[in-house]
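**Student:** Have a look at this one before I ask anything.
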Ligand SMILES: CC(C)(COP(=O)(O)OP(=O)(O)OC[C@H]1O[C@@H](n2cnc3c(N)ncnc32)[C@H](O)[C@@H]1OP(=O)(O)O)[C@@H](O)C(=O)NCCC(=O)NCCS
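Numbering (the numbering used here), first residue to last: 5 to 159.
Shown next as C-alpha cells:
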C-alpha cells in the first residue's frame, strides 16, 4: 500500500467540504449534500487524498465496537484508474484491522467499478436493500457487502 510521489493523505476538515462536494458531484449521480458531509466529518473518520495542495479523492468510514462501515469513497474522474481508490480502501482496512472483525458497505447494484474494487479486496455480497437509493428512473437496490478482517484480535 504505497502512494505515488506527490500524493499525500491527510485528515479532512470542515474547510474541505466544498471540495468534497465538488469531487462527489463530478462522479456520483446523487452526491451527498453539505449537511451530510458536515455531519460525517463530525461523527466519522474522514480523509482527503491530495496531489500537492489539490484534493483529488476522499474516504469516509466509521467503526462501532468491532464493526466498521465504509460510508463513502470517491476519486476525481481525471485521477481514476490509477490505483487511488484501491489505496484508500486498503487504508481503511488497515486502519480498522486491529479493532474490527468486519467492514460493511452498501453500493448501488449498477455501480460496477465500485463493486469490482470491493470484490478485489475480499468484500462479499451478503445482502440487498430493495429500493435503497434514488435512481435515474425510480429507486435502485443496494448490495450489502462485507469484508471479514483476518485474524482479528481478541477484544
Ligand atoms: C469506485 C472508485 C472509487 C474507484 O476508484 P479508482 O481510483 O478509479 O480505482 P482504482 O484505480 O484503484 O482501481 C481499483 C480496482 O477497482 C476496479 N475498477 C476501477 N475502475 C473500474 C472500472 N471503470 N471498471 C471496472 N472496474 C473498475 C478494478 O477492480 C480495479 O482493479 P484493477 O486495477 O486491478 O483492475 C471510483 O470509480 C469512483 O470514485 N467512483 C465514483 C464514486 C463511487 O461510486 N464510490 C463508491 C460508492 S459505494
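In this text, a Cβ means the ideal position worked out from N, Cα and C, and glycines have one as well.
DSSP puts residue 54 in a beta bridge; with which residues?
**Tutor:** 12 and 59, per the DSSP bridge assignment.
**Student:** Determine the closest residue to residue 29 out of 52, 54 and 78, with distance taken between C-alpha atoms.
**Tutor:** The residue with the shortest Cα to Cα distance from residue 29 is 78.
**Student:** Return the residue from the list 105, 60, 152 and 113 that minimises the CA-CA distance to residue 144.
**Tutor:** Closest by alpha carbon: 113.
**Student:** Quick check: does the Cβ of residue 109 come within less than 7 Å of any heavy atom belonging to ligand 1?
**Tutor:** True, at least one ligand heavy atom lies under 7 Å from that Cβ.
**Student:** Is the Cβ-Cβ distance between residue 148 and residue 131 less than 8 Å?
**Tutor:** Closer than 8 Å, so yes.
**Student:** Is it right to say residue 154 is buried, meaning 16 or more other beta carbons lie within 10 angstroms of its own, or is it exposed?
**Tutor:** Exposed, because fewer than 16 other Cβ atoms sit within 10 Å of the Cβ of residue 154.
**Student:** Just how far apart, CA to CA, sit residue 157 and residue 106?
**Tutor:** Reliability fails at residue 157, whose pLDDT of 45 lies under 50, so the model's placement of it is uncertain and the value that follows must be treated cautiously. Cα to Cα, the separation comes out at about 12 Å.
**Student:** Determine the extent of the beta strand (DSSP E) in which residue 139 is found, giving its start and end residues.
**Tutor:** Start and end: 128-139.
**Student:** On a Cα-Cα basis, can you pick out the residue from 12, 72 and 41 that is closest to residue 100?
**Tutor:** Comparing Cα-Cα distances from residue 100 to each of 12, 72 and 41, the minimum goes to 72.
**Student:** List the endpoints of the continuous beta strand (DSSP E) containing residue 146.
**Tutor:** 142-152 is the span of the beta strand (DSSP E), which, as asked, contains residue 146.
**Student:** Compare the C-alpha of residue 62 against each of 118, 52, 37 and 56 and name the closest.
**Tutor:** Comparing Cα positions, the closest option is 52.
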